[in-house]
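Going down the list, the protein sequences come from chains A and B. Take the first sequence: its letter number 48 is residue 52 in our numbering, and every next letter is one higher. Take the second sequence: its letter number 137 is residue 141 in our numbering, and every next letter is one higher. Glycine is no exception: its CB is placed at the ideal position from the N, C-alpha and C atoms. Working notes, structure below.
Number of protein chains: 2
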Amino acid sequence: MQRQRRAIRSRDVILRAAAQVVDRHGLTAATLSRVSKQAGLSTGAIYFHFADKDALASALEERAAHALDELAADRSRELAPALTAMVDTTRELARLLARDVVVRAGFQVSCDRAEGGVPVLRRRLTTLLTQLLEDARSDGSLAPGVAVDEVAATVLAITVGVQILARQPDTARTVALALERFWQATLPGLTDGARDAGP
Amino acid sequence: MQRQRRAIRSRDVILRAAAQVVDRHGLTAATLSRVSKQAGLSTGAIYFHFADKDALASALEERAAHALDELAADRSRELAPALTAMVDTTRELARLLARDVVVRAGFQVSCDRAEGGVPVLRRRLTTLLTQLLEDARSDGSLAPGVAVDEVAATVLAITVGVQILARQPDTARTVALALERFWQATLPGLTDGARDAGP
């Protein structure tokens with residue numbers, strides 16, 4: 005048991021170190037020797053947990069995907085109008101990105117792996133936002149006449165901007181403010197004339 | 005003369021090829037052999053024009069910086085209210101990023117080089133947006149009571165989002181729509197109660 009706990013802990017130490025290196029230098033420059041130095045562990049210890057750099061990158065992406073799934077599945081939002089749930093989702097994602105280097109690095113890995121295509125996590129985020137907007141249309145929290153795909157594109161753009169700006173040092177407050185101002189400006193147009201009172 | 009023209013042309017071919025590789029794979033993965041393959045030129049031909057990969061990266065960043073300066077200096081905006089100038093600047097930057105792989109790659113290089121700090125071009129873009137907002141405050145096109153730094157943060161976030169999304173294939177229309185929707189939603193709050201009619 006003790007050994008297993010230690011193994012889980014050192015796996016977490018490696019993931020966190022890898023995240024810090026990716027967050028700072030990007031995926032391609034994140035060599036295993038940099039990660040081992042950051043973690044204060046031998047490369048042998050890293051290979052004990054991860055077959056290669058690719059496996060480590062996948063683990064980071066998986067963590068971010070899991071965090072996104074948890075945001076999407078948050079039960080506390082079930083009773084709220086879907087539009088409120090969407091706004092809250094973007095807020096929590098922004099907070100998570102500002103606070104959690106592993107999640108931030110997971111999104112970065114996804115971008116760096118996309119090779120000119122659409123990053124996997126961005127595709128999932130787009131699906132989530134579109135779904136919430138369609139739910140908002142169904143539950144009456146979104147005003148009729150609002151084009152779901154246009155709003156989804158705008159929300160995606162601000163969310164991606166927030167994701168990228170969160171990598172900068174000391175931007176947590178600015179990023180949160182930017183998102184709040186965005187919603188302040190955007191929400192009236194989305195809820196005006198809606199059946200249900202918006203957020 | 006002819007030889008000189010040929011030299012300029014092949015320098016442009018190399019820059020464009022480098023931009024395509026950076027746009028797709030990021031700066032670190034953009035090896036000179038990849039660039040030479042993309043350009044259809046020998047690595048010797050590349051070394052004739054650029055001392056090393058770093059010089060090539062600097063040239064891309066410089067091109068993007070120049071494009072940003074040109075946007076900032078556009079004389080046609082001198083007679084317009086500063087708030088209109090700011091909106092137009094973000095629109096043209098979005099168009100430029102969607103259309104011009106060299107500018108897009110220049111911004112990417114700037115990000116990839118930042119190493120956890122603030123990318124040089126992002127800092128310049130922030131300065132430009134803040135300046136235009138302060139001008140808008142002076143010329144009365146921005147409503148009193150609007151916090152310049154908050155608006156600058158929001159506009160920066162949407163612009164960075166647009167910059168990143170522009171790397172995805174077939175997003176030009178979506179990105180333009182996202183920006184238009186953003187301004188549609190945001191402008192009334194910025195101009196309401198302003199001395200001068202907004203854009």
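Excluding five sequence neighbours on each side, which residues of the same chain lie with their C-beta closer than 7 Å to the C-beta of residue i?
i	result
B:V107	R67, A68, A71, L100 and L101
A:V159	T94 and L133
B:T163	T94, L97 and L129
B:R81	A89 and D92
B:E138	V152
B:V179	A98, A102, V166, L169 and A170
A:L75	T93, E96 and L97
A:R13	none
A:P192	none
Do the CB positions of residue i and residue j come within less than 8 Å of each other?
i	j	result
B:L136	B:A89	yes
B:L169	B:D116	no
A:A140	A:L87	yes
B:V205	A:A118	This structure cannot speak to residue 205 of chain B, because chain B is shown only from 5 to 203.
B:L181	B:A147	no
A:T190	B:A189	yes
B:S145	B:A198	yes
B:H53	B:R7	no
A:P173	B:G121	yes
Distance cutoff 8 Å, beta carbons only. Does residue i sit that close to anything in chain B?
i	result
A:E96	no
A:F52	no
A:P203	In this predicted model, A:P203 has a pLDDT of only 48, less than 50, meaning its place in the structure is not dependable; the value taken from the coordinates is given anyway. Not an interface residue.
A:V122	yes
A:L132	no
A:D116	yes
A:G149	no
A:I18	no
A:T32	yes
A:G193	yes
A:Q42	no
A:R141	no
A:A21	no
A:Q172	yes
A:A161	yes
A:T35	no
Any beta-carbon of chain A closer than 8 Å to the one on residue i?
i	result
B:L181	yes
B:L100	no
B:I12	no
B:H29	yes
B:F186	yes
B:A77	no
B:A68	no
B:L169	yes
B:G110	no
B:E65	no
B:E138	no
B:G165	yes
B:V106	no
B:V155	yes
B:T93	no
B:E119	yes
B:T178	yes
B:A189	yes
B:T158	yes
Skipping 5 residues on each side, what residues in its chain have a beta carbon closer than 6 Å to that of residue i?
i	result
B:K57	L36
B:A176	A102
B:A34	V25 and V26
A:A109	A23, V26, D27 and L64
B:S114	E65, P123, V124 and L125
A:F111	A68, L125 and Q167
B:A11	none
B:T131	none
B:A55	none
Can you give me the Cβ contacts of residue i inside the same chain, cut-off strictly under 8 Å, excluding the 5 residues immediately before and after it?
i	result
A:I50	I18, L36, V39, S40, A43 and L60
A:R9	none
B:H29	R38
A:V105	R20, A23, Q24 and D27
A:D196	A147
Touching by the beta-carbon criterion (3+ pairs, under 8 Å), the stretch 35-45 of chain B and the stretch 15-27 of chain B | yes
For the stretch 180-191 of chain A against the stretch 150-170 of chain B, are there 3 or more C-beta pairs whose distance is under 8 Å?
-> yes
Could you give the uninterrupted runs of the alpha helix (DSSP H) lying entirely in the stretch 103-140 of chain A, keeping only those of 4 residues or more?
-> 105-117
Scan the stretch 138-190 of chain A and note each continuous alpha helix (DSSP H) run of 4 residues or more that stays entirely inside, going in chain order.
-> 152-169
Identify every run of the alpha helix (DSSP H) within the stretch 10-55 of chain A, keeping only runs that are complete inside it and at least 4 residues long; order them along the chain.
-> 36-43 and 47-53
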